[in-house]
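Residue numbers (this note's numbering): 89 to 1360.
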């Protein structure tokens, strides 16, 4: 053999050795590490260890091929030779049931997970990546599992976004042993393989690497991303289960920048420039007019030759007055009114008994309706119109799903400031806990909670307990009450709270570790600590930490500073007995909490009835304040009406009895209005009862003072009897009273067109009360005035009318106030230098008010509706300070959508194959921008959970083969078969008859360890099944709003939810609406600015029309009245901004009333100006101000001012803000504009004299006291 041959032989021998080594290595790589099941596991006794086995893979029995395909689809390993037998496959199937229910929503995620476990359990080449590290005889006690890091990351990335719809959390929060945000590929797999999870029968130690380690090649099988289509045709995961499927994250539109000019509010700049421009122009005009007058030489015969002056000696003959057609028509209309009212006044004085008796009969008959009076205290009826969108949606929700549950809630804090550190036994960073989560405090809170559970109330002679009323979603299988409390993590048990595992040296687990686990996985039935205690509440549902804890930062629930305990109670529709029981228990709860005391606990509490109770208590406590206010006004009226000539004639000249009669007339008009509408079945509101007497007293008192003071200043003509004198006086002043009263009545009745019940009811009652008051004043009061005048002329004392003074003459003098107005006030206000100043000040006020009118806050702070000493105020304060989630919001799909078709399902669901713009997907997208949308979480979706529940791979949906009756997953019975076959068609979503067959089973199924997807607890009320399960009616999908604290937050939440619901409706082509319990109260604020503008503009238009007619068709006079009233209203908004008064139904009622009262301040002055016969505008304004101004000031202004000041003493915050502040502003602004600005305005641009009226007046007053006054 030569050298070459030798080298060839050696080469061949080396090749054989290499090939032999490779063959033996390959053979070794193919052997198993276990096969079959042996002894019981010490960790999970119902499971077994796997049997130690080093041989080759064993062919699977053909009868078990179907089970292999079900458990490990796509993994038949060629000839189906495996390292597992059928027992191991069954165990694997049971272990995968829970992950299947939550992760199969995303096919790629579930496929990768199955890949991990099937390779572990059955792979024929286990020994390549598995190393048994502990074997005891025939059993494998522990293994190392080498897993590719790439595979682990890919599996985690495919699953990280998968949602658990019923819990509003990510599925990994339930499957990773911690909150999903702390979960990663490594600790998730470690948790699944750890015996601490209560499922793994022996420890599996995962080792992650992408390169061979210690002779082992990590399992690094092919994976699918959540955006991939699987080999079996399964589609990519949905957007909410796979962020990569969504495209870019939605970006909320930027907030509109504030309207500014040079960095300053634009309205402020505009109004400042406008005001400056006005001042320049106005000053120029005034100076120009002054200069013109100063340099114009007037003839000494000017007054004589001025034939345009109606009083000129050179005037035209009265029969040839050069009056326009409109002036003549106005004079004739006014003369007609004068004749009618004069005749009527004369009749009332002549026949007082008949008139007074008739008035009493009419008032009594009208007031008789009060026996049918109904007072509305239900906030829904007060603030929401039955025809409003929110009210109709509420009624729809209530009729289909039942009314939203009642609640009793505690917010518990502690004065203790301790913070202590918990150090986990298994390592990890220390966790700080605040004092409220100390064990001693928790025990004390649990004692309180159990005491509340044990409260017994009495209703109609029967005991009522929490069990009779509470929400029990799993009844009748589980009758435990829903109590949303952190103590339900410990099953509401002192023993469970004290449960711990440890030895003499270490505490392995206690309430700290259980709490930390439960806040991350509240729906878990078994925590990952050695305690293995459940987190699920005793009522069968999860307690979300954001509902049971408060005052924490982000999701660091251990930093919580408050505990929130909520007792949801069943609510009832049209069931007074059940509602009565709930009210009785709530009353017992409130009484118990008011008397509860614990130095370590500070508790704020509220029940469903609390707000209504406190409002009623507030109303009762304010009766005294209101009574004092009215008493002061009554006393003032009684004393101020009299014009005392001397001390000797004190009781003779006083008008106490007449004042009391006038007040009784006001009250009679109010009771008549209430009675008439009570006959008609119109319910009263507290606003009506509290506001209308104030309004009618304002209007009525003004008219009373005008009547009485005009009579006191009048001189009886020769040969004129008393009834003729009073008739003549009434003919003069009644048109002015009619003008103001009728304007107010029409304005109020038009205000009743409002959609807001409180405003509409007030306007109806107010309009009728004002008009009845006017009718009684020109009839009953005039008769009483006649009787009082006869008493005074007969020298009989007031009240003591039987006592008569001896005859004596006193010189008749004008009242001090009248003389002050005539001699001092009116001339001063109308001085040439004073008038421009007044105009500048008032135009400045209106400019400021216009600048801030858009800054008035909209809404009603609910704290204002409570008395100062109410316990509910503490609750509201803690609610905004500690709570971290908002109210639940329901997206309701109205009846008519066909869920049994693929298109109907795709329009709603959020899983694989669903539309990208489906309902669930759009709400999920909105939750990603919660700061903008106010939607906090992904919605719970009964449809998606039903699809997971009904899958053939799941053990959830089963029925008895013999009867077809539903078979719960916890039942072990061979006759229970899966609802759907494990075929390609069976894996599809159910449609048609299958859908309706299995859906009622899903809605009746209670969650259990074998099946966590049962829909009874989460969705029992979410689907309205038609009779005999014939179809699906309305359904809802629930989520939560973000935390809402102030009125603007609630208004924005309602607005955004409606926008979202509208978008969903358009994409589905089916009606969907958003509903939350607070929508009916806040809907008014979406349109209140428009409603306010409309109401006030309509009222002003009505006042203009009525004033135009009743002022004798003098359009310009009506315009000036409306301009002044508009200025008062705009200035009211300025006051509201300055005084922090928000715009809401209460303030809108006050603004409507302000519009009415302003007529009183303005119309009398304008009418007196229009009929004045003085020679120029300044003198006419001065006369009007002297004669009518004093009556307006002594009547409405001083009367109201005294009564309003008392309202400041009210305990009610709503009274202090909306009544004291607004009423004071109404009176002060009304008086300022009516008695200061309006006369000045008339002196500049008042209507020119009506020649026809003046000549008629001259004819009428020739030789009378009126002529003397005209020339005074």
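All C-beta atoms, glycine included, are put in the ideal place defined by N, C-alpha and C.
All values derive from a computational prediction rather than experimental measurement.
(request) Count the other CB atoms, across all protein chains shown, that sit within 10 Å of the CB of residue 383; report buried if there are 16 or more and exposed otherwise. (result) exposed
(request) Grab me the residues of residue 552's own chain with a C-beta within less than 6 Å of its C-beta, minus the 5 sequence neighbours each way, in chain order. (result) 545, 669, 672 and 673
(request) Enumerate, from N- to C-terminal direction, the unbroken alpha helix (DSSP H) stretches of 4 or more residues contained entirely within the region 549-634. (result) 554-557, 582-586 and 599-606
(request) Identify every residue that forms a DSSP beta bridge with residue 1263. (result) BP columns for residue 1263 are empty, so no partner.
(message) Applying the 10 Å Cβ sphere with the 16-neighbour rule, what's the burial state of residue 1126?
(response) buried
(request) Compare the C-alpha of residue 1255 against each of 1242, 1214, 1200 and 1302 and name the closest. (result) 1200
(request) Name the two residues that bound the continuous alpha helix (DSSP H) containing residue 1146. (result) 1135-1156
(request) Return the chain-ordered list of same chain residues with a C-beta closer than 7 Å to the C-beta of residue 366, the five sequence neighbours on each side being excluded. (result) 931
(request) May I have the straight-line CA-CA distance separating residue 944 from residue 1230, to the nearest angstrom? (result) 6 Å
(request) Provide the residue span of the alpha helix (DSSP H) that contains residue 1225, from first to last. (result) 1203-1226
(message) For residue 583, count the other beta carbons within 10 Å of its own beta carbon; 16 or more makes it buried, fewer makes it exposed. Which is it?
(response) exposed
(request) Please classify residue 719: is it buried, with 16 or more other beta-carbons within 10 angstroms of its beta-carbon, or exposed? (result) exposed
(request) Check the C-beta distance from residue 618 over to residue 594 and give it rounded, since I have them as a contact under 8 Å. (result) Not quite, the Cβ-Cβ distance comes to about 11 Å (not below 8 Å), so this is no contact.
(request) Write down every uninterrupted run of the alpha helix (DSSP H) in the region 931-993 whose length is 4 residues or greater and which is fully enclosed by it, in chain order. (result) 959-970
(message) What does the alpha-carbon distance come out to for the pair residue 124 and residue 241?
(response) 31 Å
(message) For residue 122, list the residues DSSP reports as bridge partners.
(response) 140
(message) Suppose you measure from the CA of residue 1316 to the CA of residue 972; what does that come to, to the nearest Å?
(response) 44 Å
(request) Could you spell out the range, first to last residue, of the beta strand (DSSP E) harbouring residue 906? (result) Per DSSP, residue 906 belongs to no beta strand (DSSP E); it is in the alpha helix (DSSP H), 904-908.
(message) I need the boundaries of the beta strand (DSSP E) containing residue 227, first residue and last residue.
(response) 227-235
(request) Determine the DSSP secondary structure at residue 333, reduced to helix, strand or coil. (result) helix
(message) Given a cut-off of 9 Å on the beta-carbon distance, is the pair residue 1042 and residue 998 in contact?
(response) no
(request) Report the residue from 1301, 807, 375 and 489 whose alpha carbon sits nearest the alpha carbon of residue 1112. (result) 489
(message) For a quick check, are the C-beta atoms of residue 327 and residue 1012 less than 9 Å apart?
(response) yes
(message) Let me check one thing: in DSSP terms, what residues is residue 544 bridge-paired to?
(response) 553
(request) Would you check if there are 3 or more beta carbon pairs closer than 8 Å linking the region 958-967 to the region 280-290? (result) no
(message) Restricting to runs no shorter than 4 residues, where is the alpha helix (DSSP H) found entirely within the region 320-385?
(response) 354-382
(message) Assuming residue 835 and residue 1190 are in contact, meaning their beta carbons sit under 8 Å apart, how far apart are those beta carbons, in whole angstroms?
(response) 5 Å
(request) Could you tell me which of 968, 1202 and 844 sits nearest to residue 1180, measuring between CA atoms? (result) 844
(message) Taking the beta carbon of residue 267 as the centre, do at least 16 other beta carbons fall within 10 Å, making it buried, or is it exposed?
(response) buried
(request) Return the CA-CA distance between residue 494 and residue 747, expressed in angstroms with no decimal places. (result) 51 Å
(request) Would you kindly report the start and end of the unbroken beta strand (DSSP E) that includes residue 690? (result) 690-695
(request) Pick out whichever of 417, 576 and 1162 has its Cα sitting closest to the Cα of residue 534. (result) 576
(message) Could you tell me the alpha carbon to alpha carbon distance between residue 311 and residue 196, rounded to whole angstroms?
(response) 8 Å
(message) Can you tell me whether residue 131 is helix, strand or coil according to DSSP?
(response) coil
(request) On the DSSP bridge assignment, give the partners of residue 305 in chain order. (result) Note: residue 305 sits in no beta bridge, so no partner.
(request) Could you check what DSSP says for residue 660 in three-state terms: helix, strand or coil? (result) coil
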